[in-house]
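Have a look at the structure below before the remarks.
There are 2 protein chains.
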Amino acid sequence: MTSRWLQTPAHVTSNPGQLPGGFRAAGVACGIKPSGGLDLGLMVCSAPDCVSAARFTRSGVLAAPVVLTKERTRLDALRVIVANSGNANAATGRRGFEDAARMQGGAAMAGGVREDQVAVASTGVIGVPLDAGEAIRGIARARGELREHGHGDFSEAIQTTDKFAKEVEVDVALPSGTVRLTAQAKGAGMISPAFATMLCFVQTDAAMSAETADLLLGVCVARSFDRVSVDGQLSTNDTVILQASGTSGVRIEPESEDEVRFGEALDWALRKLALDIVRDGEGSKRIGRVVVRGGSDEVTARAARAVANSPLVKAALHGGDPNWGRIAQAVGAALHDTAPLALDIFIEGVQVCAGGVAVPHDAAALAQAVAGDEVEYDIALPGEGGEAEVFFSDLSHEYVTINADYTT
Amino acid sequence: MTSRWLQTPAHVTSNPGQLPGGFRAAGVACGIKPSGGLDLGLMVCSAPDCVSAARFTRSGVLAAPVVLTKERTRLDALRVIVANSGNANAATGRRGFEDAARMQGGAAMAGGVREDQVAVASTGVIGVPLDAGEAIRGIARARGELREHGHGDFSEAIQTTDKFAKEVEVDVALPSGTVRLTAQAKGAGMISPAFATMLCFVQTDAAMSAETADLLLGVCVARSFDRVSVDGQLSTNDTVILQASGTSGVRIEPESEDEVRFGEALDWALRKLALDIVRDGEGSKRIGRVVVRGGSDEVTARAARAVANSPLVKAALHGGDPNWGRIAQAVGAALHDTAPLALDIFIEGVQVCAGGVAVPHDAAALAQAVAGDEVEYDIALPGEGGEAEVFFSDLSHEYVTINADYTT
Chain U
1 MTSRWLQTPA
11 HVTSNPGQLP
21 GGFRAAGVAC
31 GIKPSGGLDL
41 GLMVCSAPDC
51 VSAARFTRSG
61 VLAAPVVLTK
71 ERTRLDALRV
81 IVANSGNANA
91 ATGRRGFEDA
101 ARMQGGAAMA
111 GGVREDQVAV
121 ASTGVIGVPL
131 DAGEAIRGIA
141 RARGELREHG
151 HGDFSEAIQT
161 TDKFAKEVEV
171 DVALPSGTVR
181 LTAQAKGAGM
191 ISPAFATMLC
201 FVQTDAAMSA
211 ETADLLLGVC
221 VARSFDRVSV
231 DGQLSTNDTV
241 ILQASGTSGV
251 RIEPESEDEV
261 RFGEALDWAL
271 RKLALDIVRD
281 GEGSKRIGRV
291 VVRGGSDEVT
301 ARAARAVANS
311 PLVKAALHGG
321 DPNWGRIAQA
331 VGAALHDTAP
341 LALDIFIEGV
351 QVCAGGVAVP
361 HDAAALAQAV
371 AGDEVEYDIA
381 LPGEGGEAEV
391 FFSDLSHEYV
401 TINADYTT
Chain H
409 MTSRWLQTPA
419 HVTSNPGQLP
429 GGFRAAGVAC
439 GIKPSGGLDL
449 GLMVCSAPDC
459 VSAARFTRSG
469 VLAAPVVLTK
479 ERTRLDALRV
489 IVANSGNANA
499 ATGRRGFEDA
509 ARMQGGAAMA
519 GGVREDQVAV
529 ASTGVIGVPL
539 DAGEAIRGIA
549 RARGELREHG
559 HGDFSEAIQT
569 TDKFAKEVEV
579 DVALPSGTVR
589 LTAQAKGAGM
599 ISPAFATMLC
609 FVQTDAAMSA
619 ETADLLLGVC
629 VARSFDRVSV
639 DGQLSTNDTV
649 ILQASGTSGV
659 RIEPESEDEV
669 RFGEALDWAL
679 RKLALDIVRD
689 GEGSKRIGRV
699 VVRGGSDEVT
709 ARAARAVANS
719 PLVKAALHGG
729 DPNWGRIAQA
739 VGAALHDTAP
749 LALDIFIEGV
759 QVCAGGVAVP
769 HDAAALAQAV
779 AGDEVEYDIA
789 LPGEGGEAEV
799 FFSDLSHEYV
809 TINADYTT
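From first to last, the protein sequence lines are chains U and H.
1 is the number of the first residue of the first sequence in the working numbering; add one for each residue after it.
409 is the number of the first residue of the second sequence in the working numbering; add one for each residue after it.
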């Protein structure tokens, strides 16, 4: 899907096909999802020098696979990823940790690597023990199905309430040569950055140091998955992993033009996937972008997130209701004891509030403007220097339907 | 309505009837509400020595009547309250301030008091200019209808999306004699403490110093309106005012048994009204109470509010879904970087999580327990000393319907 908020860089070319050199993947059904759908994905890199970088949820309640992956792997040299949907393996205690460790062991055998080179990720219901036996059998079967075109099945196997696949398959032209970049993400609810969990796995055949991978991933996650809200709910399981096999022979050196260009491509890819997650936000019909400028980065981030998380703003977005008073209310509520706050508000470029005061405007034109698929809110606070951007979904009847009865 | 979370003190007796001595009220329709319903309320205390206390929203975006009342009145000696529904007079700038001042002037004339003894309160749509002319004509008409039984109309005139009146009419037996206590509140959405605005006006014929009134109101607001969430949205207009006419001749001295007993009654009254607001939460079917113990007051408050504001917890409450994983997720998300967090979770007394790990329990019995009108969540964090309680409504289809199309 396309969005006016996302320009594909000229050196990035869509090219559906196989995974970058060195990678094979598979997705199988192993019985964790009651529906019988694909629920176990395996991603294996055959390059011994594969480097990696990772980011995780900051929740105080961490799922077992997150704890295991953070504590018992070499995050800079991950070669295998095993991920399941249907069960988050969270709040499952020692048993959960052991189940995650069994998955890690099984995947290490399947990929022919050491256990500390295997990341484990899970998504689904919290607080229900995972049947590791099923997962292990799934891993064994997935091993036999690993192939260069397996990322579609892998992508399907990590989905829960997602309504569409979130994938990137592009070639990236760098000064030193062309590299391939693929990624698979999931997430539709509990996103802030993410829940029902946001997972994202990125593969490239570019060569780079682990430090470069970590730097690029950190910058790009901050500009993508850290800037979306479906329902303001941070997950127990959020995981993002970048793997670089190096098989292209194109090496990305620090502070090179290659690094800048690759960074642009990765930034585009993650922002695309983050936007896909918002667009797939449970029950989402419209998506919004709020950009807050002024004050400091901390203040603008607080205000932007408050607008994006407000159920009143989200419901108005859903209804195509240009109720900008709720924007003012959300900003005011986020910035306690700052009254009088001289804020400006623009919706789709139409100024509705100046210095905290309503501005006469063409209400019919504005109503028309907010009836589109994407609605932009720009807010200016007093001062200069800060800027924050958050993408968010609307609040719909379907969100309530999906979430009022999820475990049963 | 009754709630197991609210015990009426033995010395507090329900007694529908007239306002406490010294007070008269009225509610009229003056055309601010398009529906033609009552939309302007006037409350007048004839006692020259009437004392008062007030609390307001801390939003950075304050409505004109809040700014006016905070800056241009003697908050300890308010005798008249003029309140309208249908228009919040917020984000209306200098004109809004002048409109609020005109209402204040009109109400001062109507009540025969100085302007600085008149509080103004508004609730309704944000960012639309108020027609002060209509309000002034309404005040003039309300003046002619002031009477000792006028609080029912006053109560109706301050409502917006409320589905039922939120009132208290009780006699309070104190050691030094019996006093009367009445109160009218409104609020159904944007509550945290409140929006679409929470307004509450309390009258008593007890005599007390302004300091005592302020102390008692502060303590009781912190235990009531500060502890509810419909949608986590703080309003631009929240206002709570306590007026004490002193006409009963019963004087409440500081640190007396009278003060303790009166405080208990006020506490009960405000908690009842706060619970009524949650129960009337837009589209609400069930209400929840979350109590978090352990850690510090700051940590438990953060965790309790996160649970109460979580759309996922609210949707599960609505659906009668005992999805306690979402409780764990909300607490974890509120307490960044504290993993592993050894939290215990009880739903309706059934322990579902111990030390962060799922506990086997009777799922059928739990499903039955969460099907009631009120659901209790108890959470224990490591440590001792902190405790926080928040009441909250569920998230329903009706909330979306109400809020997706409110301005139009």
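For every residue, glycine included, the Cβ atom is placed at its ideal position computed from N, Cα and C.
All values derive from a computational prediction rather than experimental measurement.
Discussion item. Output needed for H:D457: all residues of its chain with C-beta closer than 7 angstroms, excluding positions within five of it in sequence on either side, in chain order.
Written reply: Excluding sequence positions up to five before and after H:D457, its CB lies within less than 7 angstroms of the CB of G654, all in the same chain and listed in chain order.
Discussion item. For H:E672, report the span of its alpha helix (DSSP H) as first-last.
Written reply: 665-687
Discussion item. With distance defined between alpha-carbon atoms, name the residue in H:N731, H:K441, H:L650 nearest to H:S617.
Written reply: H:L650
Discussion item. When you compare the CB of U:P340 with every CB in chain H, is at least one pair closer than 8 angstroms?
Written reply: yes
Item to complete: Check the Cβ-Cβ distances between H:A736 and every residue of chain U, and say whether any is below 8 angstroms.
Response: True, the Cβ-Cβ gap to chain U drops below 8 angstroms.
Worksheet item: Can you list, in chain order, the residues of its chain whose CB lies under 6 angstroms from that of H:T477, leaving out five sequence neighbours each side?
Response: A527, V528
Worksheet item: When you compare each of H:V576, H:S718, H:E667 to H:G621 by their alpha carbons, which one comes out closest?
Response: A small correction: the amino acid at residue 621 of chain H is Ala; Gly does not occupy that position in the sequence shown. Nearest C-alpha to H:A621: H:E667.
Worksheet entry | Any beta strand (DSSP E) of 3 or more consecutive residues that is wholly inside the stretch 302-335 of chain U | none
Practice prompt. Between the Cα of H:I440 and those of H:G468, H:R412, H:S411, H:I544, spot the shortest distance and give me the residue it belongs to.
Written response: Taking H:I440 as reference, the option from H:G468, H:R412, H:S411, H:I544 with the minimal CA-CA separation is H:I544.
Worksheet entry | the ligand FAD heavy atom lying under 7 angstroms from the CB of U:V202 | This structure does not include the ligand FAD; it has no bound ligands of any sort.
Worksheet entry | Members of the stretch 469-501 of chain H near chain U, C-beta cut-off 8 angstroms | V469, L470, V475, A496, A498, A499, T500, G501
Worksheet entry | Candidates H:K693, H:A496, H:L470, H:A716, of which the one nearest H:V699 by Cα | H:A716
Worksheet entry | 7 angstroms Cβ shell around H:L554 - same chain, five flanking residues per side excluded | R432, A433, A434, L450, V452
Practice prompt. Determine the DSSP secondary structure at U:G218, reduced to helix, strand or coil.
Written response: helix
Practice prompt. State yes or no: is the beta carbon of U:R261 nearer than 8 angstroms to at least one beta carbon in chain H?
Written response: no
Discussion item. Just to make sure I have the definition right: I need the residues of chain H whose C-beta is within less than 7 angstroms of the C-beta of U:W324. Which are they?
Written reply: G535
Practice prompt. Please go through the same chain and pick out, in chain order, the residues whose beta-carbon is closer than 7 angstroms to the beta-carbon of H:A509, but skip the five residues on each side of it.
Written response: L476
Worksheet item: Taking just the CA atoms, how far does H:A788 sit from H:D770?
Response: 21 angstroms
Practice prompt. Taking the CB atoms as reference points, tell me whether H:L366 and H:A461 lie closer together than 8 angstroms.
Written response: With chain H covering 409 to 816 only, the question about residue 366 of chain H has no answer from this structure.
Worksheet item: Does U:G294 come within less than 8 angstroms of chain H when only Cβ atoms are used?
Response: With respect to chain H, the C-beta atom of U:G294 has no partner C-beta closer than 8 angstroms.
Item to complete: Decide if H:T647 is buried, meaning its Cβ has at least 16 other Cβ atoms within 10 Å, or exposed.
Response: buried
Worksheet entry | Alpha carbon of H:L582 to alpha carbon of H:L774, nearest angstrom | In a straight line, the C-alpha of H:L582 is about 43 angstroms away from that of H:L774.
Worksheet item: What is the DSSP secondary structure of U:S85, reduced to helix, strand or coil?
Response: If DSSP states are grouped into helix, strand and coil, U:S85 belongs with the strands.
Worksheet item: Looking at the unbroken alpha helix (DSSP H) that takes in H:T477, where does it start and where does it end?
Response: Counting along the chain, the unbroken alpha helix (DSSP H) around H:T477 starts and ends at 472-479.
Worksheet item: Touch check for the stretch 658-666 of chain H and the stretch 491-500 of chain H: three-plus C-beta pairs under 8 angstroms?
Response: no
Worksheet item: CA-CA distance, H:G504 and H:T465?
Response: 18 angstroms
Item to complete: Using only alpha-carbon positions, find the residue among H:E661, H:D745, H:E523, H:D752 that is nearest to U:T236.
Response: The residue with the shortest Cα to Cα distance from U:T236 is H:D745.
Fill in: Within chain U, partners of H:G740 - CB distance below 7 angstroms
S59, G60, V61, T236
Item to complete: Express the C-alpha separation of H:F633 and H:G430 in angstroms, rounding to a whole number.
Response: Rounded to whole angstroms, H:G430 and H:F633 show a C-alpha spacing of 26 angstroms.
Discussion item. Output needed for U:Q159: all residues of its chain with C-beta closer than 7 angstroms, excluding positions within five of it in sequence on either side, in chain order.
Written reply: Closer than 7 angstroms at the Cβ level, and outside the excluded window around U:Q159, lie S85, K186.
Discussion item. Quick check on the DSSP output: the alpha helix (DSSP H) that includes U:G289 runs from which residue to which?
Written reply: The residue asked about is misnamed: residue 289 of chain U is Arg in this sequence, not Gly. Taken as a continuous stretch (DSSP letters only), U:R289 belongs to no alpha helix (DSSP H), being part of the beta strand (DSSP E) at 287-293.
Worksheet item: Mapping DSSP to helix, strand and coil, what is U:Y406?
Response: The pLDDT assigned to U:Y406 is 49, lower than 50, so where the model puts this residue is not dependable, and the model offers no usable value.
Worksheet entry | Reference U:W324; option with closest CA among U:R279, U:K272, U:D378 | With distances taken between Cα atoms, U:W324 lies closest to U:D378.
Fill in: Within-8 angstroms CB hit, H:R412 to chain U
Between H:R412 and chain U, the shortest Cβ-Cβ separation is not below 8 angstroms.
Item to complete: Just the C-alpha distance for H:A747 and U:V61, rounded to the nearest angstrom, thanks.
Response: When rounded, the distance between both Cα atoms is 6 angstroms.
Discussion item. Under 8 angstroms, with one C-beta from each stretch per pair, do the stretch 667-678 of chain H and the stretch 410-428 of chain H reach the 3-pair mark?
Written reply: yes
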